[in-house]
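What follows is a set of notes on a single structure, which appears directly below.
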Amino acid sequence: MKLRILLADDHEIVRRGLCALLQRHEGWEVCGEASDGREALEMAKQLKPDVVIVDIGMPFLNGLDTTRQLMQHDPQFKVIVLTITDSDQVIREALDAGARGFVLKSDAARDLVAAVEALQSKRMFFTPRVNDLVLAGFLEKGHAASRNEPPDLPTLTAREREVTQLLAEGKSSKEVAVLLNLSTKTVETHRSNIMRKLSLHSIRDLVVYAIKNNIIQIQMPPQLHGTPEPTVA
Amino acid sequence: MAVRILLVDDHPIVRQGLRTLLEGRSGWEIVGEASDGIEALDKVDTLQPDVVVLDVTMPRMNGLEACRLIQQKQQKGKTSGLEVLFVTQHDSPQMMREALDAGARGYVVKSNAARDLLEAVEAVSRHRVFTALARGPYPSC
């Protein structure tokens with residue numbers, strides 16, 4: 000029986016590359032492709048893939064929260080996180096979220112097949128940097144305190160994190176309500192609770208918070224002649 | 000005559016994705032790949048492509064700088080008829096302006112590359128301008 004893989008990345012061009020890479024492997028098939036975290040959740044519940052590969056920087060629901068919600072739904076899901084950065088915080092959040100594999104996008108052509116093979120053999124796969132951090136006792140220091148919740152987000156519910164991401168992406172309360180199938184009033188209540196819990200006073204504060212805590216990711220362009228403009232990934 | 004295309008992006012998986020999109024088109028040939036601006040300049044010399052599909056953010060030398068140097072090569076007559084098409088994550092009018100000022104003929108955002116890339120390569124290979132931001136109006140040729 001073939002190993003079934005679900006891919007989640009907001010860039011079709013990346014999904015095409017990943018598909019081409021994975022489908023060269025005999026015995027594997029890409030059973031579905033999702034372009035954001037919410038779609039990935041729905042497809043995973045429906046398709047029950049053996050492995051889910053999620054990009055961290057996705058719209059509507061980022062890869063870390065997608066992983067958290069997948070693991071809450073069924074801890075048997077095997078998730079590989081694809082990321083453009085292996086900062087300490089991202090590594091720790093990915094591990095806390097329940098990812099069993101961690102691959103840098105820049106190294107995906109080299110590492111992704113090995114990562115899927117590892118999960119297929121009920122092992123985990125991490126970049127050398129993650130292994131170094133684990134060996135250094137990085138996880139021992141803070142893991143116990145934050146096993147169930149990401150650092151710096153001690154009081155937000157999963158729904159509040161979703162609302163935080165959508166507001167930080169520039170959506171209005173009304174747009175968030177439509178996306179999450181809630182009333183605008185409920186979204187406004189979530190919004191007030193988020194601002195109060197995090198002691199934030201404006202949407203600008205919320206965006207900064209979301210960037211700092213990897214709820215949304217930005218990539219800075221090369222220095223332009225004018226003012227550089229960050230791009231939400 | 001075949002359109003000879005050079006793919007330049009620091010992520011091999013993106014180059015593979017671009018390749019799968021472009022290879023199916025009859026009359027187009029992927030003649031090479033490069034992972035940064037310096038390698039791209041070398042391959043422009045050796046492979047003489049018609050179109051360079053170029054990322055902006057890359058190590059060693061970014062795409063904007065590579066594009067400016069490619070234009071200098073053209074002015075010195077080292078290459079001719081070559082066009083640069085940016086395929087980038089930066090969905091920004093300012094970055095698009097910078098790319099066109101550097102001498103590019105086209106600008107496509109990665110999130111929409113699957114939609115826009117074929118049309119963009121077709122346009123720039125005929126020396127026509129093609130620009131399309133994800134949030135802006137649909138492509139203007």
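As you go down the protein sequences, you meet chains A and B in turn.
The opening residue of the first sequence carries number 0 in numbering that gives the first Met the number 0; numbering runs sequentially from there.
The opening residue of the second sequence carries number 0 in numbering that gives the first Met the number 0; numbering runs sequentially from there.
Even glycine gets a Cβ: it sits at the ideal position worked out from N, Cα and C.
Just so it is clear, the structure is predicted and the values come from calculations on it, not from any experiment.
Exposed or buried, A:K121, counting other C-beta atoms within 10 Å across all chains shown (16 or more means buried)? To locate residue 121 of chain A, count along the first sequence from 1; it is residue 122. That one is exposed.
Minimum C-alpha distance to B:V55 - residue among B:V2, B:S79, B:R104, B:Q88: Locating residue 55 of chain B in the second sequence gives position 56, where the first residue counts as 1. Comparing Cα-Cα distances from B:V55 to each of B:V2, B:S79, B:R104, B:Q88, the minimum goes to B:Q88.
Which whole runs of the beta strand (DSSP E) in the segment 100–135 of chain B are 3 residues long or more, in chain order? 105–108, 129–131
Label A:V115 either buried or exposed according to how many other C-beta atoms from any shown protein chain fall within 10 Å of its C-beta, with 16 as the threshold for buried. Sequence index remark: in the first sequence, residue 115 of chain A carries index 116 (1-based). That one is buried.
Could you work out which residues of chain A lie near B:H10, taking near to mean beta carbons separated by less than 7 Å? Mapped onto the second sequence, residue 10 of chain B falls at position 11. Chain A residues near B:H10: K104, S105.
Give me the DSSP bridge partner(s) of A:F124. Mapped onto the first sequence, residue 124 of chain A falls at position 125. Answer by DSSP bridge pairing, in chain order: A:G100.
Suppose the cutoff is 8 Å on Cβ atoms and the five residues either side in sequence are ignored; what does the same chain contact list for A:T126 look like? To locate residue 126 of chain A, count along the first sequence from 1; it is residue 127. So the list reads D85, F101, V102, L103, D106, D110, once near-sequence residues are dropped.
Chain A partners of B:K109, CB-CB under 7 Å? Here the question's residue 109 of chain B lines up with position 110 in the second sequence. Here the neighbours are H10, I12.
Under DSSP, the alpha helix (DSSP H) around B:G62 begins and ends at which residues? The residue given as residue 62 of chain B occupies position 63 in the second sequence. From DSSP, the alpha helix (DSSP H) with B:G62 extends over 62–74.
Taking just the CA atoms, how far does A:I210 sit from B:R59? By one-based count along the second sequence, residue 59 of chain B stands at place 60. By one-based count along the first sequence, residue 210 of chain A stands at place 211. About 26 Å.
Please work out which residues of its chain come closer than 7 Å, Cβ to Cβ, to A:A239, disregarding the five sequence neighbours upstream and downstream, and give them in chain order. Not covered by the structure: residue 239 of chain A. The range shown for chain A is 0 to 232.
Can you check whether the C-beta of A:L17 is within less than 9 Å of a C-beta belonging to chain B? Here residue 17 of chain A corresponds to residue number 18 of the first sequence, with the count starting at 1. Cβ-Cβ to chain B under 9 Å: yes for A:L17.
For the 8 Å Cβ check, are there 3 or more pairs between the segment 103–112 of chain B and the segment 77–87 of chain B? yes
Run through chain A and tell me which residues come within less than 8 Å of B:L20, C-beta to C-beta. Locating residue 20 of chain B in the second sequence gives position 21, counting from the first residue. Within 8 Å Cβ-Cβ: I12, R15.
Check for me: the alpha helix (DSSP H) holding A:L178 runs from which residue to which? Within the first sequence, numbered from 1, the residue matching residue 178 of chain A stands at position 179. 172–179 is the span of the alpha helix (DSSP H), which, as asked, contains A:L178.
Give, in chain order, every residue of the segment 15–46 of chain A whose Cβ lies closer than 7 Å to some Cβ of chain B. R15, G16, L17, A19, L20
Outcome for A:P48 when other beta-carbon atoms lying within 10 angstroms are tallied against a minimum of 16: Numbered from 1 along the first sequence, position 49 holds the residue referred to as residue 48 of chain A. Flag for A:P48 reads buried.
Please list, in chain order, all residues of the same chain as A:R14 whose beta carbon is under 6 Å from its beta carbon, the five residues on each side excluded. Here residue 14 of chain A refers to the residue found at position 15 when the first sequence is read from its first residue. Hits under 6 Å: L6, D8, E32.
What residues of chain A sit near B:G16, judged by a beta carbon separation below 9 Å? Position 17 of the second sequence, counted from the start, is the residue given in the question as residue 16 of chain B. The answer, in chain order, is H10, E11, I12, V13, R14, R15, G16, L17, C18, A19.
Could you tell me whether the segment 15–24 of chain A touches the segment 19–27 of chain B, using the rule of 3 or more Cβ pairs below 8 Å? yes
Rounded separation between B:M0 and A:D35 - CA only: To locate residue 0 of chain B, count along the second sequence from 1; it is residue 1. To locate residue 35 of chain A, count along the first sequence from 1; it is residue 36. Straight-line Cα distance between these residues: approximately 40 Å.
Buried or exposed: which applies to A:D87, given that a residue is buried once 16 or more other Cβ atoms fall within 10 Å of its Cβ? As a first step, residue 87 of chain A must be located in the first sequence, where it is residue number 88. A:D87 is exposed by the Cβ-count criterion.
Is B:V13 helix, strand or coil when you go by DSSP? Taking the first residue of the second sequence as 1, we reach residue 13 of chain B at position 14. In this structure, B:V13 counts as helix in the three-state DSSP scheme.
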